Amino acid sequence: QHKPDVVFAPHVETSAGMILPDDYIRTVTDAVHQVGGLFVLDCVASGAMWVDMKATGVDVIISAPQKGWSGSPACAMVMLSERARKAIDATTSTSYAADLKKWLQIMETYESGGHAYHTTMPTDALVRLSEVMAETRAYGFAKVKQEQQDLGNAVRALFESRGIPSVAADGFKAPGVVVSYTTDPEIQSSKKFLAQGLQTASGVPLMCDEPADFMTFRVGLFGLEKLHHVNRTVAHLATALDQLGFKAK
C-alpha cells in the first residue's frame, strides 16, 4: 500500500530489550525490496550479535564504536550493500555532518591511495577503535558472539530466578540489553543499583499505550571485559540482587 523508499528498524530496541531475529529481518527485507525500497538496520545496540548482510538482505547497517566494539564514541559506522552503494550516487544531502555520499567519497579516496579532507577527524579515538576491532577479530568474531549470547541468557535466567520478569518474550530477548519489569521507583531510576556499585539504566516508556504505572529498569551487557568473563559478570549482579533483597525463588 505505502511502497516506502526506505524502511528503518532497530536490530535491538533498547526500551524493551527486544532483538529482531534473522528470519524476521529477512522477511521485512524481502517485502521492502519487492517495492524497490532499501532496508536500513540500526545496529548501534546490537553488541556482538553480528548481522550477516548477505544472508539477511539488509541494505544499510548503522553501528557505533562504543557498545559492541568497546571503543570510544567518535563516529558513525555505516555499511552498504551493493544496492545501497548504487542508490547513494543519486542522492543529495542537506546536511554537512551527515552527508553520507560525501563521506563515502572521502573513504573511497583513501582506499584508492589518495588523500581528501572534509573535516577534522577524531583520530586518536579512531585509532583506538581500529585497535579494539583488530583485538576482537583476533579473539574470534564467532567466539565473542557466543559469549554475548551466553551472558544474556545467564543474566536473564538470574533475574527470572529472583522473580524479576523480562519485558521481551522468548524468541525476541536481546542478549546485550536486558529490560525487566519493576514496581520500585528506585530500581526504575537505577538509584538502588548505583548504591551497590553497579551502573544500570533507568527504564523508559515504550510509547505504545502502556499503562501509567509501567516501570522497567535496563541492564546493558556490552564490552569485552564483561563478555570474556561471563561468570564474574553474573556473580556481580547476583551479589547486588542479594543485597537488594531479591532472593532466589
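Just so you know, we're using our numbering here: the sequence shown kicks off at 29 and counts up by one. Backbone N, C-alpha and C fix where the C-beta goes; we use that ideal spot for every residue, glycine too. Bear in mind the structure is a predicted one, so any value in this text is a computation, not a measurement.
Report yes if the CB atom of P203 is closer than 8 Å to the CB atom of M77, and no otherwise.
If you number the sequence shown from 1, residue 203 lands on position 175. If you number the sequence shown from 1, residue 77 lands on position 49. In contact: P203 and M77 (Cβ atoms closer than 8 Å).
Looking at the secondary structure, which residues open and close the alpha helix (DSSP H) in which S208 lies?
What you label residue 208 is simply residue 180 of the sequence shown in a count that begins at 1. Careful: S208 lies outside any alpha helix (DSSP H), inside the beta strand (DSSP E) at V205 to Y209.
When DSSP labels each residue in this structure, what does V60 get in the three-state scheme?
For the purposes of this step, residue 60 is identified with residue 32 of the sequence shown, where counting begins at 1. DSSP places V60 in the helix class (H, G or I) of the three-state scheme.
In terms of residues, what are the limits of the alpha helix (DSSP H) holding V262?
For this step, residue 262 is matched to residue 234 along the sequence shown. V262 -> alpha helix (DSSP H) spans V258 to Q271.
Kindly identify the DSSP beta-bridge partner or partners of S194.
For the purposes of this step, residue 194 is identified with residue 166 of the sequence shown, where counting begins at 1. DSSP output for S194 lists S208 as bridge partner(s).
Check each candidate in A83, A268, A102 and P213 and name the one with the smallest Cα separation from D241.
Within the sequence shown, residue 241 is the residue found at index 213, counting from 1. D241 has its Cα closest to that of P213, out of A83, A268, A102 and P213.
Mapping DSSP to helix, strand and coil, what is D51?
If you number the sequence shown from 1, residue 51 lands on position 23. DSSP places D51 in helix when its eight states are reduced to three.
From E136 to S121, what does the alpha carbon distance come to, in whole angstroms?
Taking the sequence shown and counting its residues from 1, one reaches residue 136 at position 108. Taking the sequence shown and counting its residues from 1, one reaches residue 121 at position 93. In a straight line, the C-alpha of E136 is about 18 Å away from that of S121.
Assuming P213 is part of the alpha helix (DSSP H), what are its boundary residues?
Walking along the sequence shown from the start, residue 213 turns up at place 185. Under the DSSP assignment, P213 falls in the alpha helix (DSSP H) whose first and last residues are P213 to Q216.
Hey, S194 and Q216 are a contact pair by Cβ (cut 8 Å); roughly how many whole angstroms apart?
Within the sequence shown, numbered from 1, the residue matching residue 194 stands at position 166. Within the sequence shown, numbered from 1, the residue matching residue 216 stands at position 188. Contact flag wrong, Cβ pair sits at about 15 Å.
Sort Q94, A185 and R113 by Cα distance to L66 and report the nearest one.
Position 38 of the sequence shown holds residue 66. The residue with the shortest Cα to Cα distance from L66 is R113.
With L132 as the anchor, note down where its alpha helix (DSSP H) starts and where it stops.
Counted from its first residue, the sequence shown places residue 132 at position 104. Where L132 is concerned, the enclosing alpha helix (DSSP H) stretches over L128 to E139.
Evaluate the contact criterion for the region 47 to 65 versus the region 94 to 110: three or more CB pairs, one atom per stretch, below 8 Å.
The answer is no - the region 94 to 110 does not touch the region 47 to 65, with fewer than three Cβ pairs under 8 Å.
Do F187 and S208 have their CB atoms nearer than 8 Å?
On the sequence shown, position 159 is the one that residue 187 refers to. On the sequence shown, position 180 is the one that residue 208 refers to. The answer is yes: Cβ separation under 8 Å.
Straight-line CA distance for R111 to I134?
Along the sequence shown, one-based indexing puts residue 111 at 83. Along the sequence shown, one-based indexing puts residue 134 at 106. Each residue's Cα considered, the two are about 20 Å apart.
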